[in-house]
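Residue numbers 46 to 324, in our numbering, belong to the letters of the sequence shown in order. Glycine included, every Cβ here is placed at the ideal spot set by N, Cα and C. Here is the structure we will look at, set down as structure tokens.
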Amino acid sequence: MTSIGDAWRLARQRIDRLDARLLIEYVSGCSHADLIAHPTRRLSELQVRRLDTLVRRRASGEPLAYLLGSAGFYGREFKVTGDVLVPRPETELLVELALERLRHVAEPVVADLGTGSGALAVTLKCLCPQARVVAVDLSPAALAVARLNASLHRATVRFVEGDWYGPLTDEHFDLIVANPPYVAAADPHLERGGLPFEPRLALTDGVHGGDGLACTRVIVGGAVRHLLPGGWLLIEHGHEHGVAVRHLLHRAGLSEVATWPDLSGSERVSGACLVGGRD
Ligand code: GLN
């Protein structure tokens, strides 16, 4: 017979406190308070087996979000599977910058390119309900996850399958956001931590040349054709890409080019806007 206390000790031999706690809560259905108040409560054999499997997977580096099936992002829970990147805290910076800009537009039209779990598109729609939001992804499996998240948060988002601007032929936006794959193919980071468990397509542009900027070039390059006058492009990038991304934004003819640091002080999001009339 295994009690919650036994399970806790076993899990702690292999994984850290917070992960152990969250996995035991997940498997047992108990709250944090229950775990503390009732360490002698028994777990069923099935619960013990499930916990053991999850602890092993976590110990091998698989992100906790995949084990729990969800991750928090900007105050909401998002379903995640191995088909989508786990939403990152640094991407919350993109939400804040986006919201600052949406505040000045009555009924903004917004595109999220490479939406993955839909975290950006759904968060923006929830916090700016008057926006019309379209979200694009190449992966049908990712779009299924994003659609589920939109329905869980009652966010009306139009999801379309395709490559960046591919399905948005004649559409123009007040705001384009993107968190594209930007880890360079040769970056050893790809083999560390939880990254080997995440979809390569969402992490690296290895298939396109691999310097981490291939997708960013496409997104910046198409922005002028898809922004409304005064519209903004905000794009997440690697901490080492700030100079290159600002250069791309200038070269594309965009204005007010800027980069913002994430919480750890790394250059993480750059953006620019389209001034003047559209042809
Ligand atoms: N920030 C992620 C990481 O380095 C990468 C996300 C991305 O490529 N869009 O772990």
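Query - Rounded C-alpha distance that separates residue 231 from residue 101 - result: 28 Å
Requested in this report: Measure from the alpha carbon of residue 290 to the alpha carbon of each residue in 299, 261, 277, then state which is nearest.
Outcome: 261
Report task. Indicate, with yes or no, if the ligand GLN has a heavy atom lying under 7 Å from the CB of residue 262. Result -> no
Query - Span of the beta strand (DSSP E) around residue 179 - result: 177–182
Query raised in the report: Would the C-beta of residue 286 count as close to the ligand GLN, meaning under 7 Å from any of its heavy atoms?
Result: no
Requested in this report: Can you say whether residue 281 is buried or exposed, counting buried as having 16 or more other CB atoms within 10 angstroms of its CB?
Outcome: So residue 281 counts as buried.
Query raised in the report: Within 8 Å (strictly less), CB to CB, does residue 290 reach chain B?
Result: Of the protein chains in the structure, only one exists, and it is not chain B.
Requested in this report: Can you check the segment 83–150 for any beta strand (DSSP E) of at least 3 residues that lies completely inside it and give the ranges in chain order?
Outcome: 115–118, 121–124
Requested in this report: Kindly list the residues whose CB is nearer than 8 Å to the CB of residue 190, restricted to its own chain and excluding five residues on each side of it in sequence; keep chain order.
Outcome: Excluding sequence neighbours, residue 190 sits near 124, 125, 126, 128, 129, 161, 162, 163.
Query raised in the report: When the Cα atoms are used, what is the spatial distance from residue 171 to residue 259?
Result: 31 Å
**Report entry** residue 303 and residue 316 closer than 8 Å at C-beta
**Finding:** yes
Query raised in the report: residue 281: beta carbon under 7 Å from a heavy atom of the ligand GLN?
Result: yes
Query raised in the report: Using the rule of at least 16 other Cβ atoms within 10 Å of the residue's Cβ for burial, across every protein chain shown, is residue 98 buried or exposed?
Result: By the neighbour-count rule (16 or more Cβ atoms within 10 Å), residue 98 is not buried but exposed.
Query - Contact the segment 169–183 vs the segment 199–214: 3+ CB pairs below 8 Å - result: yes
Query raised in the report: Going by the beta-carbon positions, is the gap between residue 145 and residue 175 smaller than 8 Å?
Result: no
Requested in this report: Run the proximity test for residue 119: is its beta-carbon closer than 7 Å to any non-hydrogen atom belonging to the ligand GLN?
Outcome: no
Query raised in the report: If residue 294 and residue 319 are in contact, beta carbons under 8 Å, what's the gap, nearest whole angstrom?
Result: Between residue 319 and residue 294 the Cβ distance is about 11 Å, and since that is not below 8 Å, they are no contact.
**Report entry** Through-space distance from residue 165 to residue 158, alpha-carbon basis
**Finding:** 10 Å
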